[in-house]
Amino acid sequence: MFDLTNQIAIVTGASRGIGKSIASALSNAGAHVVCVSRNINDVKSVANSLPNASAFSCDISSADEFTECVNSVISKHGKIDILVNNAGITRDGLIIRMKTEDWNTVLNINLTGAFNGIKAVTRTMMKQKSGRIINISSVVGLIGNAGQANYAASKAGLIGLTKATAKELASRGITVNCITPGYISTDMTDNLNDAAKEKLIKQIPLGRIGNPDDIAHMVLYLASEEAGYITGQTMTVDGGMVMI
Ligand SMILES: NC(=O)c1ccc[n+]([C@@H]2O[C@H](COP(=O)([O-])OP(=O)(O)OC[C@H]3O[C@@H](n4cnc5c(N)ncnc54)[C@H](OP(=O)(O)O)[C@@H]3O)[C@@H](O)[C@H]2O)c1
């Protein structure tokens, strides 16, 4: 149904978890996907497993590195249609003990990283008068979570960044949306023990932990022509855990 033939996409954090599923969904829909993460071997092996993809190593928290990545994609393919800002990290801790370094690292990757990517693609997307920007936030950015002040602030910041950018770029035919996943089974969330998982599942009306494809399907929709009238929105994909 969603055809992305001839589209050029960048997906950050594509080496595993949600980003890997997003890269796969976009590539299988016909896009050429540039898979980005810091570890080139991991991201290369993902790109090699997809029908139409390549790999690029960059630290998204560096404006210079992310800009170089985007510029190399634009000079090779002549355009950029889709940017998925998915890469993110956690450095959890109660605020009373949270190190400034852990605060800064999370904000620099999760929020400034997305800003760096958006800034790097904007001029070209404006000239094209088309583009899709999709930011991966979290339900934690909507409702907060004890022990995750840095992460929650970064994810709430992404929602504001999405809305402001959507308003700036709408007249140029560019849509900007974000997705707030609930609890999704990946390396990031693997450390919960079985008792904690059972407790969590009780809070999810649909009765299961999400999988990366649940998020990838929403990205695929938002990236498609069919979603052309949606911008500035926050799409929650969480099995009904947070209803606001
Ligand atoms: N899993 C969940 O339950 C859940 C829920 C809500 C939101 N999310 C969000 O969804 C996104 C993906 O989560 P996930 O669970 O798939 O995480 P994950 O399995 O830990 O994967 C994170 C990805 O981001 C990349 N990355 C991290 N820092 C980077 C940097 N500075 N520059 C470039 N790439 C970087 C990692 O590769 P390298 O280490 O090689 O760079 C990896 O590919 C994150 O933004 C996360 O906050 C996840």
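Quick note on the numbering used here: the sequence shown kicks off at 7 and runs consecutively.
Glycine included, every Cβ here is placed at the ideal spot set by N, Cα and C.
Report the rounded CA-to-CA distance for residue i versus residue j, giving the unit in angstroms.
i, j, result
"N122", "V76", "10 Å"
"E231", "T11", "11 Å"
"M131", "V112", "28 Å"
"L167", "I149", "17 Å"
"A35", "G147", "30 Å"
"V40", "I16", "5 Å"
"G245", "N47", "33 Å"
"A176", "T237", "8 Å"
"Y189", "F72", "28 Å"
"A233", "C184", "13 Å"
"K205", "N217", "18 Å"
"T106", "D98", "12 Å"
"Y157", "T195", "14 Å"
"V248", "I95", "21 Å"
"W109", "I102", "12 Å"
"N151", "T186", "14 Å"
"T128", "G23", "27 Å"
DSSP beta-bridge partners for residue i?
i, result
"T18", "V42"
"T186", "T242"
"V90", "V17 and I140"
"Q221", "Note that residue 221 corresponds to Ile in the displayed sequence, not to Gln. I221 is not bridged to any residue."
"I180", "G137"
"G216", "I190"
Taking Cβ positions, are residue i and residue j nearer each other than 8 Å?
i, j, result
"I253", "T171", "The structure shown does not extend to residue 253, since the chain spans only 7 to 250, so no value can be given for it."
"S21", "P57", "no"
"A159", "M104", "no"
"V79", "I14", "yes"
"G137", "D87", "yes"
"A120", "G25", "no"
"D65", "R44", "yes"
"I28", "I215", "no"
"V90", "V225", "yes"
"S68", "I115", "no"
"A61", "H223", "no"
How is the beta strand (DSSP E) around residue i delimited, first residue to last?
i, result
"S63", "A59 to S63"
What are the boundary residues of the alpha helix (DSSP H) that residue i is part of?
i, result
"V79", "A69 to H83"
"T106", "T106 to V112"
"K135", "First-last for K135: undefined, no H or E at that position."
"Y235", "Premise fails: Y235 is in no alpha helix (DSSP H) and is neither H nor E."
"D9", "Per DSSP, D9 belongs to no alpha helix (DSSP H) and is neither H nor E."
"E204", "D200 to K208"
"I24", "G23 to N34"
"G99", "Unbroken run through G99: none, as it is neither H nor E."
"T168", "A155 to L175"
"L148", "V146 to I149"
For residue i, count neighbouring C-beta atoms within 10 Å of its own C-beta (all shown protein chains included) and say buried if the count is 16 or more, exposed if not.
i, result
"G84", "exposed"
"K161", "buried"
"K173", "exposed"
"G179", "exposed"
"L164", "buried"
"Y235", "exposed"
"L228", "buried"
"S81", "exposed"
"S55", "exposed"
"K208", "exposed"
"A53", "buried"
"S144", "buried"
"N141", "buried"
"L100", "exposed"
"M7", "exposed"
"L212", "exposed"
Using a threshold of 7 Å, is the CB atom of residue i nearer than that to any non-hydrogen atom of ligand 3?
i, result
"D65", "Of the ligands one can find in the structure shown, namely ligand 1, none is ligand 3."
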